[in-house]
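In order, the protein sequence lines correspond to chains U and A.
Following my numbering, the numbering of the first sequence begins with 1 at its first residue and continues without gaps.
Following my numbering, the numbering of the second sequence begins with 101 at its first residue and continues without gaps.
Number of protein chains: 2
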Amino acid sequence: MSSILSAKEIKEAIKDLPEWDVEGKAIVRVFEFDDFEQAIDFVNGVAELAADADHHPDMDIRFNKVRVILSTHSKGGLTEDDFDLAERLDTLVDA
Amino acid sequence: MSSILSAKEIKEAIKDLPEWDVEGKAIVRVFEFDDFEQAIDFVNGVAELAADADHHPDMDIRFNKVRVILSTHSKGGLTEDDFDLAERLDTLVDA
């Protein structure tokens, strides 16, 4: 299990995730698609990676946009697990 | 295409949907499941009914809970389309 990252560690880790923003105790990225169906396909891709990682991001579906919110609720903040999963989620859309 | 319902019509229509609440210009229900996988299965069920109806609810996934928000954005409020789809979504979980 990962432990909570310090503000300094977060600042360093987020550099490798240019599409993600730190928001409070979470990292967030909005993924945008052509339509609702593609957004749902993406949600299923996230669900698969989430199951593999046993780490489950929050997702807000707004038609063709999916806002993904990663935080380690059991630890009350951001851990390496969040940054690892964010990196894997990026591979679903970025070439 | 349906037209915007009046406050009185909304009050009448929501009586048939005991699990749903009116929140501003939307109707909302939180669906709760045993785990994340079941929540994702439900999201896919919603997506199928949404595609059939060409009406796409917002969904907020929080581990085993899915908050569904229905509103007719193109009309700027609640229409019969929202209540019709809500009734169909209820059939995904209620016997």
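Note that the Cβ used here is the ideal one computed from N, Cα and C, for glycine as well.
- If you ignore the 5 residues before and after D21(U), its C-beta comes within less than 6 Å of the C-beta of V28, all in its own chain and listed in chain order.
- Put simply, the backbone Cα of F83(U) is about 46 Å away from that of K111(A).
- Straight through space, the alpha carbons of D154(A) and E137(A) are spaced by roughly 25 Å.
- Flagged as an interface residue toward chain U: R162(A), by a C-beta distance shorter than 9 Å.
- For V143(A), the neighbours in chain U by C-beta distance under 8 Å run, in chain order, I40, V43, I61.
- Straight-line spacing of the CA atoms in L85(U) and E23(U) works out to 17 Å.
- Rounded to whole angstroms, the separation of the alpha carbons of V143(A) and E187(A) is 16 Å.
- For D152(A), the enclosing alpha helix (DSSP H) starts and ends at 136 to 153.
- Residue-level contact by beta carbon fails for E132(A) and chain U, as no gap is shorter than 9 Å.
- Against E37(U), the close residues of chain A are A147, A151, in the order they occur along the chain (beta-carbon pairs closer than 9 Å).
- Chain-order list of chain U residues neighbouring D181(A): empty, with the shortest C-beta distance near 15 Å, by a criterion of under 9 Å.
- Look at K108(A) here: in three-state DSSP terms it is helix.
- L189(A) has its alpha-carbon roughly 6 Å from the corresponding atom of V146(A).
- Neighbours of D158(A) in chain U, taken as residues at a C-beta separation under 7 Å, are given in chain order as I61, R62.
- Taken through DSSP and simplified to helix, strand or coil, K175(A) comes out as coil.
- For K15(U), the three-state secondary structure derived from DSSP is helix.
- Closest in alpha carbon position to I104(A), among M159(A), G176(A), R167(A), L192(A), is G176(A).
- For L170(A), the three-state secondary structure derived from DSSP is strand.
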